[in-house]
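Undergrad:
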Amino acid sequence: MRAKDFSSISKSTVLIFSMLGISLILLLFIIFSKPLPTYEKSEIFSLGTYVRIYIAGGKVSSKSLLKIAEKEIERLYAKYSSNIPSSVVYQLNEKREIECDEESLFLFQAAVNVSKITGDSFDPTLRPVLMLWGFDDVNSSKRVPSSYEIEQVLPFVSYKFIDIDSKNRKIKLLKEGVTVDLGGISKGFIVDRVIDRIKEIDPKATGFIDAGGDIGIIGPKFGNRPWQIGIRDPFSSDPAKLIDTLYIYSGAVATSGNYERYFIQNGTLYHHIIDPKTGYPANNCRSCTVISDKVMTADAYATGLFVLGIDNPALEYFTKFGVQAYLIDNTGKTVESSGFEYFRNKVK
Amino acid sequence: MVKSKKLSNISILTGIACAMYVVESFIPLPMPLPGVRWGFSNLPVLLAAVLDYGVLSCAMIAFGKSFIGGLLSGRIASATFFMGLSGSIASALFMGWLKKHVPKVGTIGISELGALLNNTVQILIAGLILGNSKAVFYYYPYLVLIGTVTAYLLAVVSNIFLRSMNHDAKV
Amino acid sequence: MAKRTKKYDIFIVAAILLFAVIMIFLNLLIPQKGIIGVKVTIDGVLAVSISQDGLYPVEKDGKHLLTVEFYQGKARVKESTCDNQICVKTGWISNTNQTIVCLPYKIVVEPIGGKNTDGVDIITW
Ligand SMILES: [Zn+2]
Numbered sequence: 001m002r003a004k005d006f007s008s009i010s011k012s013t014v015l016i017f018s019m020l021g022i023s024l025i026l027l028l029f030i031i032f033s034k035p036l037p038t039y040e041k042s043e044i045f046s047l048g049t050y051v052r053i054y055i056a057g058g059k060v061s062s063k064s065l066l067k068i069a070e071k072e073i074e075r076l077y078a079k080y081s082s083n084i085p086s087s088v089v090y091q092l093n094e095k096r097e098i099e100c101d102e103e104s105l106f107l108f109q110a111a112v113n114v115s116k117i118t119g120d121s122f123d124p125t126l127r128p129v130l131m132l133w134g135f136d137d138v139n140s141s142k143r144v145p146s147s148y149e150i151e152q153v154l155p156f157v158s159y160k161f162i163d164i165d166s167k168n169r170k171i172k173l174l175k176e177g178v179t180v181d182l183g184g185i186s187k188g189f190i191v192d193r194v195i196d197r198i199k200e201i202d203p204k205a206t207g208f209i210d211a212g213g214d215i216g217i218i219g220p221k222f223g224n225r226p227w228q229i230g231i232r233d234p235f236s237s238d239p240a241k242l243i244d245t246l247y248i249y250s251g252a253v254a255t256s257g258n259y260e261r262y263f264i265q266n267g268t269l270y271h272h273i274i275d276p277k278t279g280y281p282a283n284n285c286r287s288c289t290v291i292s293d294k295v296m297t298a299d300a301y302a303t304g305l306f307v308l309g310i311d312n313p314a315l316e317y318f319t320k321f322g323v324q325a326y327l328i329d330n331t332g333k334t335v336e337s338s339g340f341e342y343f344r345n346k347v348k
Numbered sequence: 349m350v351k352s353k354k355l356s357n358i359s360i361l362t363g364i365a366c367a368m369y370v371v372e373s374f375i376p377l378p379m380p381l382p383g384v385r386w387g388f389s390n391l392p393v394l395l396a397a398v399l400d401y402g403v404l405s406c407a408m409i410a411f412g413k414s415f416i417g418g419l420l421s422g423r424i425a426s427a428t429f430f431m432g433l434s435g436s437i438a439s440a441l442f443m444g445w446l447k448k449h450v451p452k453v454g455t456i457g458i459s460e461l462g463a464l465l466n467n468t469v470q471i472l473i474a475g476l477i478l479g480n481s482k483a484v485f486y487y488y489p490y491l492v493l494i495g496t497v498t499a500y501l502l503a504v505v506s507n508i509f510l511r512s513m514n515h516d517a518k519v
Numbered sequence: 520m521a522k523r524t525k526k527y528d529i530f531i532v533a534a535i536l537l538f539a540v541i542m543i544f545l546n547l548l549i550p551q552k553g554i555i556g557v558k559v560t561i562d563g564v565l566a567v568s569i570s571q572d573g574l575y576p577v578e579k580d581g582k583h584l585l586t587v588e589f590y591q592g593k594a595r596v597k598e599s600t601c602d603n604q605i606c607v608k609t610g611w612i613s614n615t616n617q618t619i620v621c622l623p624y625k626i627v628v629e630p631i632g633g634k635n636t637d638g639v640d641i642i643t644w
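Chains as they are written, first to last, in this note's numbering: chain Y, 1 to 348; chain X, 349 to 519; chain F, 520 to 644.
Written out as structure tokens, the structure reads:
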């Protein structure tokens, strides 16, 4: 009975032609369809924290982009960490005057600018105070310094003691005893640089870099969807408990919270966000989340606006510098700038 | 029976299966288990089975699609490749055998049982290779569900083919 | 016309569907919420992969670092010899987008399998 089947040519040709038809459709599908990008992830301990990188390459493979990102992070960390002897910052603290490249000039200038704009609520020269508290390094032992000790070092804290001579590419510390720590800004700056580098190599790459909760977006999820970013609940010890969710296609988000680095002495919590004007932890805020187009900006302003606190009457003024902020104080009261709500909408 | 005609049909079916194999890897599954696929590329294998091309022909198509498809998609010799290969060969042999020896089972039954065996073998191998049997078996029932849907669709499509070829008149 | 769909076909489909549904119910009875296992890495190198309930000590070069507990789809660092104890304070994790990080020892406890139930990609903190 099978022989009959194939003796009739027309029936067999039906099979062949329909199969050829299907293959043509499939071929067109292969040629014109864009497969969803596959994300590769990598986790490294760098920048003094835990860095997660998620990348899907557009024309370069995700894996090689990851390798590039990892190397670039390590290189820049070695360049700007104040605890590594070969770094620009360590050299400046030692030699008091250094010659440096455009990139370093830009970073120092940016740090000074944020200090100016926030009325010295963020300060790159805070290092002597941080060292007293033990917040200069994860491994330093922590303690509450006496008010006398703090008074002794406060005169050395001011961004005005950093002199940037961009013409001759020189940075100089104007006062003996002043030391610099770019910790509050270099992490964000490094993430920005790495993202720029990846975009240079592969403009169609998407993904994000999460450096201890400071997030820079490389590109939207699958090229067209927002990344869903949860804001940690500052009242919960569970780091996965969220208080709000943001939807972000590009740019950066950073949060400063009093739960990040702290110690408890005699029942009082002392955290690492020190007010440069008093030398003590800023206590008029519990968590400050900032959205901006650069991680550096978000990172620095999250610290600066945290110090200025929830009663800051000029919060709206900072939106002029491309910053949207959301603050929560110790009682759970929240304040936000006018444009922040926009990022809560899933559909824009 | 014209042997060369059957052979050419098998080659065409293998070619289609390869193309479908590559295309279906673009369609995301609702769950993140590596190496698991929709199974649309089993259509040519199913066709060969219900056209009663024989157990060996079915297995040849299954092998060809996994091997060439693996080459095309760059997954050759990976763990997921062996998962797919063993799953589809097992199911191809089974479907061919069902058609020959169990006349009470129709196209849908052949397709469904083939898909079930395919998923089961894949999951067993995944459990062996990945070593995390718990994680893998968690997904198993969902895979079986997806497989049931795919297999049904494939059976419907196959029946349309059979009808247009007037094949049923002689079955 | 001979029937292409035969009586047995319906039984087969029904049996397979029933089989899948029973399996799903069994899955729901056993830890439905939570994660299927965790992997523990020290500076990116896999130290131990866990999928059975129990306590798992993590050592490096013979020195005891911390103990990971896995119990009914949740994982935590039960105790640690590190100085800031943040890994211990993190508590239980039971969702795929969560991790426990111990910065001093460069240890990451990361879920494998399971579902992302809160749907967030990244957390800012
Ligand atoms: Zn720890």
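For every residue, glycine included, the Cβ atom is placed at its ideal position computed from N, Cα and C.
Since the structure is predicted, the reported quantities are computational estimates derived from the model, not experimental observations.
Between residue 588 of chain F and chain Y, is the shortest Cβ-Cβ distance under 7 Å, so that the two count as touching?
TA: Your numbering for residue 588 of chain F matches position 69 in the third sequence. For residue 588 of chain F, the nearest beta carbon of chain Y is not closer than 7 Å to its own beta carbon.
Undergrad: Checking contacts by CB at 7 Å: is residue 496 of chain X closer than that to chain F?
TA: The sequence position of residue 496 of chain X within the second sequence is 148, counting from 1. Yes, contact with chain F.
Undergrad: Spell out a yes or no on whether the region 262 to 280 of chain Y and the region 218 to 232 of chain Y are touching, meaning 3 or more CB-CB pairs, one atom from each, closer than 8 Å.
TA: Contact fails: fewer than three Cβ-Cβ distances are below 8 Å.
Undergrad: Would you please verify whether the beta carbon of residue 625 of chain F is less than 7 Å from any beta carbon of chain Y?
TA: As a working note, residue 625 of chain F is residue 106 in the third sequence. For residue 625 of chain F, the answer is yes, since a Cβ of chain Y falls inside 7 Å of its Cβ.
Undergrad: Say whether chain F places a C-beta atom closer than 7 Å to the C-beta of residue 489 of chain X.
TA: Position 141 of the second sequence, counting from 1, holds the residue named residue 489 of chain X. Residue 489 of chain X counts as touching chain F.
Undergrad: Cβ of residue 239 of chain Y less than 7 Å from any chain F Cβ?
TA: For the purposes of this step, residue 239 of chain Y is identified with residue 239 of the first sequence, where counting begins at 1. It does: the Cβ of residue 239 of chain Y has a partner Cβ on chain F nearer than 7 Å.
Undergrad: For residue 303 of chain Y, report the span of its beta strand (DSSP E) as first-last.
TA: Against the first sequence, residue 303 of chain Y aligns to sequence position 303. No beta strand (DSSP E) holds residue 303 of chain Y; the alpha helix (DSSP H) holding it covers 295 to 308.
Undergrad: Any Cβ of chain X within less than 7 Å of the Cβ of residue 640 of chain F?
TA: By one-based count along the third sequence, residue 640 of chain F stands at place 121. Not an interface residue.
Undergrad: Determine which residues share a DSSP beta bridge with residue 100 of chain Y and list them.
TA: Within the first sequence, the letter at position 100 stands for residue 100 of chain Y. In the DSSP output, where bridge partners are listed per residue, residue 100 of chain Y has none listed.
Undergrad: Tell me whether the beta-carbon of residue 286 of chain Y lies closer than 7 Å to the beta-carbon of residue 238 of chain Y.
TA: As a position in the first sequence, residue 286 of chain Y is number 286, starting the count at 1. As a position in the first sequence, residue 238 of chain Y is number 238, starting the count at 1. In this structure, residue 238 of chain Y does not lie closer than 7 Å to residue 286 of chain Y by Cβ.
Undergrad: Could you tell me which chain F residues have their CB closer than 8 Å to the CB of residue 492 of chain X, listed as they occur along the chain?
TA: Translated into the one-based positions of the second sequence, residue 492 of chain X becomes position 144. Annotation: Cβ neighbours of residue 492 of chain X in chain F (cutoff 8 Å, chain order): 535, 538, 539, 542.
Undergrad: Does the distance from the C-beta atom of residue 714 of chain F to that of residue 191 of chain Y stay below 7 Å?
TA: Examination of residue 714 of chain F is not possible in this model, given that chain F is present from 520 through 644 alone.
Undergrad: Name the DSSP beta bridge partners of residue 228 of chain Y, please?
TA: In the first sequence, the residue the question calls residue 228 of chain Y occupies position 228. Looking at the DSSP assignment, residue 228 of chain Y forms a beta bridge with Y/247.
Undergrad: Compute the Euclidean distance between the alpha carbons of residue 492 of chain X and residue 254 of chain Y, then round it to the nearest angstrom.
TA: Reading the second sequence from its first residue, position 144 is the one you call residue 492 of chain X. Reading the first sequence from its first residue, position 254 is the one you call residue 254 of chain Y. Going from the Cα of residue 492 of chain X to the Cα of residue 254 of chain Y covers about 43 Å.
Undergrad: Whole angstroms is fine: what's the gap from residue 589 of chain F's alpha carbon to residue 440 of chain X's?
TA: Sequence index remark: in the third sequence, residue 589 of chain F carries index 70 (1-based). Sequence index remark: in the second sequence, residue 440 of chain X carries index 92 (1-based). CA-CA distance, residue 589 of chain F to residue 440 of chain X, rounds to 41 Å.
Undergrad: How should residue 544 of chain F be labelled, buried or exposed, when 16 other C-beta atoms within 10 angstroms of its C-beta is the threshold for buried?
TA: Position 25 of the third sequence, counting from 1, holds the residue named residue 544 of chain F. Flag for residue 544 of chain F reads exposed.
Undergrad: For residue 554 of chain F, which residues of its own chain have a beta-carbon under 8 Å away from its beta-carbon, when the five flanking residues on both sides are left out?
TA: Start at 1 with the first residue of the third sequence, and residue 554 of chain F comes out as number 35. So the list reads 592, 593, 594, 612, 613, 614, 615, 630, 631, 632, 633, once near-sequence residues are dropped.
Undergrad: Chain F partners of residue 133 of chain Y, CB-CB under 9 Å?
TA: Your numbering for residue 133 of chain Y matches position 133 in the first sequence. Per Cβ cutoff of 9 Å: no residues; residue 133 of chain Y is ~14 Å from chain F at best.
Undergrad: May I have the straight-line CA-CA distance separating residue 147 of chain Y from residue 154 of chain Y, to the nearest angstrom?
TA: Counted from its first residue, the first sequence places residue 147 of chain Y at position 147. Counted from its first residue, the first sequence places residue 154 of chain Y at position 154. Going from the Cα of residue 147 of chain Y to the Cα of residue 154 of chain Y covers about 10 Å.
Undergrad: Using a C-beta to C-beta distance shorter than 8 Å, which residues of chain F count as neighbours of residue 452 of chain X?
TA: Taking the first residue of the second sequence as 1, we reach residue 452 of chain X at position 104. 525, 526, 527, listed in chain order.
Undergrad: Compute the Euclidean distance between the alpha carbons of residue 119 of chain Y and residue 300 of chain Y, then round it to the nearest angstrom.
TA: Numbered from its first residue, the first sequence carries residue 119 of chain Y at position 119. Numbered from its first residue, the first sequence carries residue 300 of chain Y at position 300. Going from the Cα of residue 119 of chain Y to the Cα of residue 300 of chain Y covers about 13 Å.
Undergrad: Does the separation of the CB atoms of residue 506 of chain X and residue 394 of chain X fall below 7 Å?
TA: Reading the second sequence from its first residue, position 158 is the one you call residue 506 of chain X. Reading the second sequence from its first residue, position 46 is the one you call residue 394 of chain X. The answer is yes: Cβ separation under 7 Å.
Undergrad: At a Cβ threshold of 7 Å, is residue 557 of chain F touching chain X?
TA: Here residue 557 of chain F corresponds to residue number 38 of the third sequence, with the count starting at 1. So no, residue 557 of chain F is outside the interface.
Undergrad: Check the C-beta distance from residue 390 of chain X over to residue 454 of chain X and give it rounded, since I have them as a contact under 8 Å.
TA: Counting from 1 along the second sequence, the entry for residue 390 of chain X is found at position 42. Counting from 1 along the second sequence, the entry for residue 454 of chain X is found at position 106. With 8 Å as the limit, residue 390 of chain X and residue 454 of chain X do not qualify as a contact, their Cβ atoms being about 17 Å apart.
Undergrad: Could you compute how far the alpha carbon of residue 91 of chain Y sits from the alpha carbon of residue 127 of chain Y?
TA: Stepping through the first sequence from its first residue, residue 91 of chain Y is reached at position 91. Stepping through the first sequence from its first residue, residue 127 of chain Y is reached at position 127. Distance between the alpha carbons of residue 91 of chain Y and residue 127 of chain Y: 15 Å.
Undergrad: With 16 as the cutoff for other CB atoms within 10 Å, does residue 333 of chain Y come out buried or exposed?
TA: Position 333 of the first sequence, counted from the first residue, corresponds to residue 333 of chain Y. Exposed, since its Cβ has fewer than 16 Cβ neighbours within 10 Å.
Undergrad: Would you check if the region 241 to 253 of chain Y and the region 336 to 345 of chain Y touch, i.e. whether three or more CB-CB distances between them fall below 8 Å?
TA: Contact annotation: the region 336 to 345 of chain Y touches the region 241 to 253 of chain Y, with at least three C-beta pairs closer than 8 Å.
Undergrad: Looking only at its chain, what residues have a beta carbon closer than 7 Å to the beta carbon of residue 79 of chain Y, apart from the 5 residues adjacent to it on each side?
TA: Taking the first sequence and counting its residues from 1, the one referred to as residue 79 of chain Y is at position 79. Excluding sequence neighbours, residue 79 of chain Y sits near 87, 88.
Undergrad: For ligand 1, enumerate in chain order all residues having a CB closer than 5 Å to any of its heavy atoms.
TA: F/599, F/601, F/606, F/621
Undergrad: Comparing alpha-carbon positions, which option in Y/83, Y/309, Y/76, Y/214 lies nearest residue 136 of chain Y?
TA: On the first sequence, position 136 is the one that residue 136 of chain Y refers to. Residue Y/83 is the option with its Cα nearest to residue 136 of chain Y.
Undergrad: Per DSSP, what kind of secondary structure is residue 40 of chain Y in: helix, strand or coil?
TA: The sequence position of residue 40 of chain Y within the first sequence is 40, counting from 1. Looking at residue 40 of chain Y - three-state DSSP - the assignment turns out to be strand.
Undergrad: Which chain F residues are close to residue 457 of chain X, counting only those with a beta carbon under 9 Å from its beta carbon?
TA: Here residue 457 of chain X corresponds to residue number 109 of the second sequence, with the count starting at 1. Per Cβ cutoff of 9 Å: 524, 525, 527, 528, 529, 530, 531, 532.
Undergrad: Do you know offhand how far residue 304 of chain Y's Cα is from residue 628 of chain F's?
TA: Taking the first sequence and counting its residues from 1, the one referred to as residue 304 of chain Y is at position 304. Taking the third sequence and counting its residues from 1, the one referred to as residue 628 of chain F is at position 109. Each residue's Cα considered, the two are about 32 Å apart.
Undergrad: My parser needs the alpha helix (DSSP H) runs of 4 or more residues fully inside the region 114 to 163 of chain Y; what are they?
TA: DSSP assignment within the region 114 to 163 of chain Y yields the following whole alpha helix (DSSP H) runs of 4 residues or more, N-terminal first: 127 to 133, 147 to 153.
Undergrad: What is the DSSP secondary structure of residue 395 of chain X, reduced to helix, strand or coil?
TA: Here the question's residue 395 of chain X lines up with position 47 in the second sequence. Helix, per DSSP.
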